[in-house]
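Here the sequence shown is numbered in our numbering, starting from 598 and rising by one per residue.
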Amino acid sequence: MKSIRDYSFDTKCVHAGTKEDQYGSVVTPIYQVSTFKFKSAAHGARLFSGEEDGYIYTRMRNPTIEALEDSIAILEGGAKALACSSGMAASHTLIAALLNAGDHVICSESVYGPTFTLIQNVMSRFGIESTFVDTSDSDNVKNALKPNTKLVFVETPGNPTLVISDLQVIADISHNHGAKLAVDNTFMSPVLQNPFKFGTDYIVHSLTKFLNGHADVVGGVVVLKEQSEYEGFRKSLNQFGGVIDPFNSFLVHRGIKTLKLRMERHCQNAQKIAEYLEKHTEVEWVRYPGLPSHPQYELGKKQMYGPGGMISFELKKGLVAGKILMDNVQIWQLAVSLGGVESLIQHPASMTHATMGKDAREQANITDGLVRLSVGIEDAGELIQGLEEGLKKI
Ligand SMILES: *Cc1c(COP(=O)(O)O)cnc(C)c1O
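Structure, rendered in structure tokens:
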């Protein structure tokens, strides 16, 4: 029989992970339950010893959570996925499951703000060393390698500057050194970028963003390429405890059914908006992987199936003008987060990347005047009009 893994991406989005149940449910229902009863003392013992397959306790395993995990593992082409309570819980689970005190990690400097803080300020307390480099130049990764480098953590396109890193080259550099490569694929979703195809070992996503897509869930996931690592990761997640719950799993799994359609529209809308902004007299520069002016435009076309829904740009009159814009746009909502059907605008230096500190921001080219857009699936013309309402007030 044909496995769901043999079908097209569009079909996988709708069907992957859905479990057959005794009632013939068309979607996997919400098993809103913390614990599962055993048929007998012997049955309970067999489940705990792993002799028999079954559910024990939701922190360990739950059918609704498992349906979501299977769907994402299949969409990314990985062996297994572990759903977590947030994207940060996913990154923490990955790092804590993989690294020991004395190990070293190399991370992209243009990275989600709290990821920077987690590695730089929190994991360092547990003896894990780190170096942050501009991974869009692969030589920087090579030069940062140390004998104890165990993990390279890349976000591409990076947040919020949208620099693109070469996954194939960085995977080769990492593996030649005996290190593993992890990629934060949140900005792309499995629709627009498949890091496993380029030799990546682990993928993390914030499910909060494109995968759920509706700004009503916080969640995350770690995807493993190799089945052999699954038991160790599952035990770690069970011990750290940062699991997602059944209701949020259900919502994300529902969101994934329209993921391909949504990503197509995010890309179409963002392309039009990026082109509009690039021509605007108030705009100093626009960074969007779909514009030939993007410094890694060619690499993006090679490695990504589309440029995505995220745009960053700087106004000629800097942050003051940015504040006028953010306070006067229409339809666009002033909020952090991204990847939902609704369009959002925010200011990284005072919001998402504030905790990084000015020095690290400057190092990563996150200027004080940089404005970040998460382009939704509304009408593109109306989104442009909504921006124009703010830009004309400057
Ligand atoms: C939001 C985000 C995260 C963290 O996810 P949470 O669900 O907010 O914990 C990590 N990486 C990227 C690229 C993100 O956008």
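Glycine included, every Cβ here is placed at the ideal spot set by N, Cα and C.
- Scanning the segment 681-759 from its first residue to its last, the whole beta strand (DSSP E) runs of 3-plus residues come out as 701-705, 726-730, 746-752.
- The nearest non-hydrogen atom of ligand 1 is less than 6 Å from the C-beta of V815.
- The DSSP-derived three-state label of T952 is helix.
- In this structure G905 is in contact with H863, their Cβ atoms being roughly 7 Å apart against a cut-off of 8 Å.
- Listed in chain order, the non-local C-beta contacts of E879 below 8 Å within the same chain comprise L912, K913, K914, A918, L988, I991, local neighbours out to five positions each way being set aside.
- Distances from the CB of Y709 to the heavy atoms of ligand 1 include at least one below 6 Å.
- If only uninterrupted alpha helix (DSSP H) runs of at least 4 residues are considered, those enclosed by the segment 888-952 are 894-900, 915-925.
- Taking 6 Å as the cut-off, the C-beta of N756 counts as close to a heavy atom of ligand 1.
- A Cβ-Cβ contact shorter than 7 Å links N745 with H701.
- The closest heavy atom of ligand 1 lies less than 6 Å from the beta carbon of M685.
- Using a Cβ-Cβ distance cut-off of 8 Å, the segment 636-648 and the segment 881-888 are not in contact, since fewer than three pairs of beta carbons, one from each stretch, lie closer than that value.
- Annotated as proximal: G839 and S682, with beta-carbon spacing under 7 Å.
- In terms of Cα proximity to T949, the closest of Y799, G710, V738, V760 is G710.
- Under the rule that a run must span 3 or more residues, the beta strand (DSSP E) segments found entirely inside the segment 772-833 read 777-781, 799-803, 817-821.
- Of the heavy atoms belonging to ligand 1, at least one sits nearer than 6 Å to the Cβ of S803.
- Taking a cut-off of 8 Å for Cβ pairs, the segment 800-809 and the segment 931-942 touch, as three or more such pairs fall below it.
- Taking C-alpha positions only, M657 is separated from A670 by approximately 18 Å.
- For T949, the shortest C-beta to heavy atom distance toward ligand 1 is 6 Å or greater.
- The C-alpha of A680 is placed about 6 Å away from the C-alpha of E666.
- Taking each of V708, E706, K743, A686 in turn and checking the Cα distance to G699, the smallest one comes out for K743.
- The shortest CA-to-CA distance from V624 to any of I653, A664, L821 is the one to A664.
- Note on geometry: alpha-carbon atoms of K869 and A977 lie some 7 Å from one another.
- The segment 753-773 makes contact with the segment 729-739, as at least three CB pairs between them are under 8 Å.
- DSSP, read as helix, strand or coil, puts T615 in coil.
- According to DSSP, residue pairing for V968 in a beta bridge involves F910.
- For R884, the secondary structure class from DSSP, reduced to helix, strand or coil, is strand.
- When Cβ pairs closer than 8 Å are counted between the two stretches, the segment 706-723 is seen to touch the segment 950-967, the count reaching three or more.
- Judged by their CB atoms, A871 and I908 are nearer to each other than the 7 Å cut-off.
- Between A694 and F847, the beta carbon gap of about 26 Å keeps them out of contact (Cβ cut-off 8 Å).
- Secondary structure note for N866: its alpha helix (DSSP H) is the uninterrupted segment 856-876.
- Annotated as distal: V801 and G675, with beta-carbon spacing of 7 Å or more.
- Assignment of beta-bridge partners to L679 by DSSP yields V819.
- Looking at the backbone, the Cα of K634 and that of F645 are separated by about 12 Å.
- Residue state for T632 is assigned as strand, using DSSP reduced to three classes.
- V849: member of the alpha helix (DSSP H) spanning 843-853, first to last residue.
- For T661, the uninterrupted alpha helix (DSSP H) run begins and ends at 660-673, by DSSP.
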